[in-house]
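Count the sequence shown with our numbering and you get residues 3 to 562, in order.
For every residue, glycine included, the Cβ atom is placed at its ideal position computed from N, Cα and C.
Every value quoted in this text rests on a predicted model; they were computed, and no experiment measured them.
The next block holds one structure in the form of structure tokens; read it before the comments.
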Amino acid sequence: VAAGVNITYKILYNDAVAMTGGQPIDGQLTVAQLIEQLRGEGVKRIALVSDEPEKYPRALHHAAGVTIHHRDELDAVQREFREICGTTAIVYDQTCAAEKRRRRKKGAYPDPARRVFINELVCEGCGDCGVQSNCLSVLPKETAFGRKRMIDQSACNKDYSCLKGFCPSFVTVEGGRLRKSRAVLAEVALPTLPEPVLPALERPWNTVVTGIGGTGVLTVSAILGMAAHLKGKGCTVLNQSGLAQKFGPVVSHVRIGRRQADIHAVRVAAGDADLLLGCDLVVSAAGDPLAKVNIERSHAVVNDFESPTAAFTRDPDAVFPAEAMKARIREEVGAGKTAFVDATAIATALLGDAIAANLLLLGYAFQRGLVPLSRDAIERAIELNGVSISFNRQAFLWGRHAAHDLRAVLAAAGLDAAVMPAKPGLEEVIATRAAFLRDYQDEAWEARYRALVEKTRAAEQALGAAHGFALSDAVARSLFRLMSYKDEYEVARLYTEGSFQRALAQQFEGDYTLKFHLAPPLVARCDPVSGHPRKQEFGPAMLKVFGVLAKFRRLRGTRL
3 VAAGVNITYK ILYNDAVAMT GGQPIDGQLT VAQLIEQLRG EGVKRIALVS DEPEKYPRAL
63 HHAAGVTIHH RDELDAVQRE FREICGTTAI VYDQTCAAEK RRRRKKGAYP DPARRVFINE
123 LVCEGCGDCG VQSNCLSVLP KETAFGRKRM IDQSACNKDY SCLKGFCPSF VTVEGGRLRK
183 SRAVLAEVAL PTLPEPVLPA LERPWNTVVT GIGGTGVLTV SAILGMAAHL KGKGCTVLNQ
243 SGLAQKFGPV VSHVRIGRRQ ADIHAVRVAA GDADLLLGCD LVVSAAGDPL AKVNIERSHA
303 VVNDFESPTA AFTRDPDAVF PAEAMKARIR EEVGAGKTAF VDATAIATAL LGDAIAANLL
363 LLGYAFQRGL VPLSRDAIER AIELNGVSIS FNRQAFLWGR HAAHDLRAVL AAAGLDAAVM
423 PAKPGLEEVI ATRAAFLRDY QDEAWEARYR ALVEKTRAAE QALGAAHGFA LSDAVARSLF
483 RLMSYKDEYE VARLYTEGSF QRALAQQFEG DYTLKFHLAP PLVARCDPVS GHPRKQEFGP
543 AMLKVFGVLA KFRRLRGTRL
């Protein structure tokens with residue numbers, strides 16, 4: 003300020019020391035005090051940006067040189083401030099999203115009964131929702147019609163910025179609750195579990211737990227540490243979370259010995275890991291965790307769910323190199339001592355929440371005889387943890403059953419038919435899309451599609467088609483996308499033809515209300531910064547409008 007420098011400070015007021023685990027801030031200033039300090043230091047122009055601008059007192063609204071904005075206006079504020087001479091400041095007030103989630107689990111922060119749902123048939127897989135939100139809870143979903151998007155309800159921070167994606171496929175479900183699985187262990191005919199043979203502790207047993215922040219990796223290591231303490235064994239736990247918060251890599255070193263004196267260091271040395279408990283495939287295949295394993299000594303139990311990385315938010319077509327990462331782990335540990343299990347899919351199907359995946363994986367490793375602790379000690383440690391005790395014990399027990407009879411658990415979860423879906427042949431690709439196009443418009447539209455695909459296939463066949471009709475397959479898929487473009491009639495049809503309601507019913511239950519987020523071309527106003535029409539929120543009556551609009555689809559392509 004004294005030197006007259008042209009600079010804008012951006013001050014994040016996020017309510018916690020979030021980088022290292024959400025500790026409270028000592029000597030906390032309020033937003034009003036912070037702004038008064040800035041004014042006292044000579045900053046003449048200050049903008050306060052927040053996700054809740056209405057919560058500020060009237061006095062702050064009238065302070066000289068201070069303006070208050072919703073976070074949607076941040077880009078416009080930044081553009082304005084770059085043109086102002088001298089020192090300016092933008093105070094951005096929003097509680098850390100991961101901290102909100104942590105507090106909600108403890109019941110210490112409001113948890114809005116509002117969730118985001120994506121109509122996958124309307125979604126075109128463009129990825130704009132990921133660009134707008136930069137959120138890894140927007141997952142890729144592979145469907146018969148290509149890659150679409152879905153919301154990971156277990157990891158969603160309820161920030162709702164994904165709704166800004168320029169796409170009509172987003173719906174918010176207000177009220178109700180996530181549908182819980184009906185698969186209760188007592189109701190499923192599973193065999194009695196034998197007790198595993200536990201590892202002998204002639205030397206300390208070393209476990210490296212890998213995963214991503216916000217999914218309970220540190221909870222697993224804490225439960226192992228407490229279980230060892232309850233049995234009077236020596237134990238050390240070293241958590242390497244560093245700057246990791248939600249979705250950041252986390253590695254825990256857990257060493258268990260017969261006596262505390264048997265453990266001389268807390269970190270697992272290179273090549274000394276007895277068990278790699280991989281709660282995330284990407285982190286497990288990284289250089290540092292794999293440096294801890296030894297093909298002569300180590301075992302690995304890894305969750306092979308394809309959790310997307312940050313690259314997916316920028317590249318909607320990013321390919322997840324799952325097989326390459328699995329091969330790397332097998333090479334370092336040994337194929338016979340490595341087990342891959344989709345703990346996330348099983349946990350979600352059986353318990354209704356992917357957060358159970360890590361304890362399910364722990365149960366799997368325990369039943370394989372790879373955890374040197376008794377069952378009662380682990381279950382008692384889960385109780386002492388004091389969070390979702392019954393839920394976590396169920397997850398641990400399902401993991402044990404998965405290790406004993408994976409097919410039976412997959413059948414109970416309804417995943418036995420979906421484990422290895424067969425790649426559809428060309429005939430199936432054509433038939434599925436032709437039927438869709440008939441509903442999209444009419445039989446003539448379907449016939450037009452079939453004619454061009456068949457013309458391509460005949461040309462390929464004349465050339466020998468030794469490559470398996472690759473061009474015909476590409477034409478069948480791409481021509482379908484061109485001929486089923488999402489105009490207003492089609493969006494309306496896809497919300498009312500039944501599949502949307504069935505998908506909702508599979509994921510939600512109870513009394514809920516739907517809100518649609520749309521930018522109707524005749525009424526939507528353009529955003530002055532982005533140039534895109536602004537989306538508006540419409541109530542459940544929109545379904546009736548969709549029902550009427552869908553009937554006019556035969557006007558498509560005519561003079562009317």
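Neighbourhood of residue i by C-beta distance below 7 Å, restricted to the same chain and skipping five residues each side
{"i": "residue 246", "result": "Because residue 246 sits at a pLDDT of 48, beneath the cut-off of 50, its placement in the model cannot be relied upon, and the point is left open."}
{"i": "residue 434", "result": "146"}
Which listed residue (the options) has its alpha carbon closest to that of residue i
{"i": "residue 342", "options": "442, 351, 362, 536", "result": "362"}
{"i": "residue 390", "options": "235, 108, 49, 62", "result": "108"}
{"i": "residue 219", "options": "381, 285, 434", "result": "285"}
{"i": "residue 8", "options": "454, 86, 34", "result": "86"}
{"i": "residue 123", "options": "542, 170, 522", "result": "170"}
{"i": "residue 329", "options": "283, 443, 192", "result": "283"}
{"i": "residue 232", "options": "383, 302, 303, 119", "result": "383"}
{"i": "residue 249", "options": "310, 255, 269, 196", "result": "310"}
{"i": "residue 529", "options": "168, 298, 547", "result": "168"}
{"i": "residue 302", "options": "113, 274, 340", "result": "340"}
Under the three-state DSSP convention, the category residue i falls into
{"i": "residue 475", "result": "helix"}
{"i": "residue 188", "result": "Since pLDDT at residue 188 reaches only 49, below the 50 mark, its modelled position is unreliable, and the value read off the structure follows with that caveat. DSSP places residue 188 in helix when its eight states are reduced to three."}
{"i": "residue 278", "result": "strand"}
{"i": "residue 561", "result": "coil"}
{"i": "residue 403", "result": "helix"}
{"i": "residue 266", "result": "coil"}
{"i": "residue 37", "result": "helix"}
{"i": "residue 49", "result": "strand"}
{"i": "residue 5", "result": "coil"}
{"i": "residue 545", "result": "helix"}
{"i": "residue 208", "result": "strand"}
{"i": "residue 499", "result": "coil"}
{"i": "residue 429", "result": "helix"}
{"i": "residue 366", "result": "helix"}
{"i": "residue 65", "result": "coil"}
{"i": "residue 441", "result": "helix"}
{"i": "residue 15", "result": "strand"}
{"i": "residue 311", "result": "coil"}
{"i": "residue 142", "result": "strand"}
{"i": "residue 358", "result": "helix"}
{"i": "residue 2", "result": "The structure shown does not extend to residue 2, since the chain is modelled only from 3 to 562, so the question has no answer here."}
{"i": "residue 128", "result": "coil"}
{"i": "residue 153", "result": "strand"}
{"i": "residue 422", "result": "For residue 422, the predicted structure reports a pLDDT of 45, less than 50, and the residue's modelled location is therefore unreliable. A value from the coordinates is still provided. Coil at residue 422, not helix or strand."}
{"i": "residue 254", "result": "strand"}
Neighbourhood of residue i by C-beta, 6 Å cutoff - its chain only, sequence neighbours within 5 removed
{"i": "residue 198", "result": "369, 371"}
{"i": "residue 156", "result": "355, 356, 357"}
{"i": "residue 412", "result": "418"}
{"i": "residue 91", "result": "11, 40, 45, 48"}
{"i": "residue 161", "result": "99"}
{"i": "residue 422", "result": "The predicted model places residue 422 with a pLDDT of 45, which falls under 50 and marks its position as unreliable, so this point remains unresolved."}
{"i": "residue 158", "result": "139"}
{"i": "residue 380", "result": "229"}
{"i": "residue 295", "result": "275, 278, 334, 335"}
Contact set for residue i: own chain, Cβ-Cβ below 8 Å, skip 5 residues either direction
{"i": "residue 37", "result": "48, 50, 62, 65, 68, 93"}
{"i": "residue 259", "result": "203, 205, 206, 207, 235, 236, 237, 265"}
{"i": "residue 549", "result": "494, 498"}
{"i": "residue 15", "result": "33, 36, 93, 94, 95, 96"}
{"i": "residue 431", "result": "475, 478, 479"}
{"i": "residue 408", "result": "343"}
Assumed close pair residue i, residue j - CB separation to whole angstroms, cut-off 8 Å
{"i": "residue 281", "j": "residue 213", "result": "3 Å"}
{"i": "residue 210", "j": "residue 222", "result": "Not a contact, Cβ separation roughly 11 Å."}
{"i": "residue 364", "j": "residue 279", "result": "7 Å"}
{"i": "residue 331", "j": "residue 287", "result": "6 Å"}
Assess, as a yes-or-no matter, whether the region 475-494 is touched by the region 507-518 under the definition of 3 or more beta carbon pairs within less than 8 Å. no
Looking at C-beta atoms only, is the number of pairs between the region 74-82 and the region 114-127 that lie closer than 8 Å three or more? no
Take every Cβ of the region 139-156, pair it with every Cβ of the region 310-322, and state whether three or more of those distances are shorter than 8 Å. yes
Is it true that the region 67-79 meets the region 91-108, where meeting means three or more beta-carbon pairs spaced less than 8 Å apart? yes
The region 540-558 touching the region 487-499, judged by at least three CB pairs closer than 8 Å: yes
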